[in-house]
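Participant: Below: one structure in structure tokens.
In the working numbering, the protein residues as written are 5 to 171.
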């Protein structure tokens, strides 16, 4: 009887230890984002949060538009030159779409026009032909740098580089 009792205790201990080990090993193999918890529908891939469209940040905590919205101090260099003041203020407002983001820039190029552009999650800006301008650029370190061409207004065919510093 003692021998049978010992076998039951040994078997029960073996089963408990096996289950505990399996749970421990399974938990240890799960991919984690370290101490970061992915937010706003983001998923963890290779220890990095992959954000859903419209969000960015190490844990997908920031709505994309907060980086671009605001008031900017602007200046530009054009050839041939466009008349106007050397610096001026523009405001960037925004509305999101599916895979890219739509922004509006007031007093674009000091031409007294509002331009609609798209900007992706990497800060790449595209301005389709409209309101007498077309171009592309990038947003980095709170600065938009946009290269554009005029087709109307002050000097048709001017090639310009617009620098917008976020206030």
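Think of the CB as a built atom: it goes at the ideal place given N, C-alpha and C, for glycine as much as any other residue.
Using the Cα positions of residue 153 and residue 134, report the straight-line distance between them to the nearest angstrom.
Facilitator: Answer to the nearest angstrom: the Cα atoms are 11 Å apart.
Participant: For residue 71, list the residues DSSP reports as bridge partners.
Facilitator: Residue 71 pairs with nothing; no bridge assigned.
Participant: Around the C-beta of residue 163, are 16 or more other C-beta atoms found within 10 angstroms, so that it is buried, or is it exposed?
Facilitator: Exposed: under 16 other Cβ atoms inside 10 Å.
Participant: Check whether the region 43-50 and the region 58-67 touch, using three or more Cβ-Cβ pairs below 8 Å as the test.
Facilitator: Cβ pair count under 8 Å is three or more, so yes.
Participant: Hey, quick one: how far does the beta strand (DSSP E) through residue 41 stretch, first residue to last?
Facilitator: Premise fails: residue 41 is in no beta strand (DSSP E) and is neither H nor E.
Participant: In chain order, which continuous runs of the beta strand (DSSP E) of length 3 or greater are located wholly inside the region 76-135?
Facilitator: Fully enclosed beta strand (DSSP E) runs of 3 or longer: 92-100, 105-109, 119-123 and 128-134.
Participant: Pairs of beta-carbons, one from the region 135-148 and one from the region 117-125, closer than 8 Å: are there three or more?
Facilitator: Touching, yes, given that three or more Cβ pairs across the two stretches are closer than 8 Å.
Participant: State the beta-bridge partners of residue 64 as determined by DSSP.
Facilitator: Residue 64 pairs with nothing; no bridge assigned.
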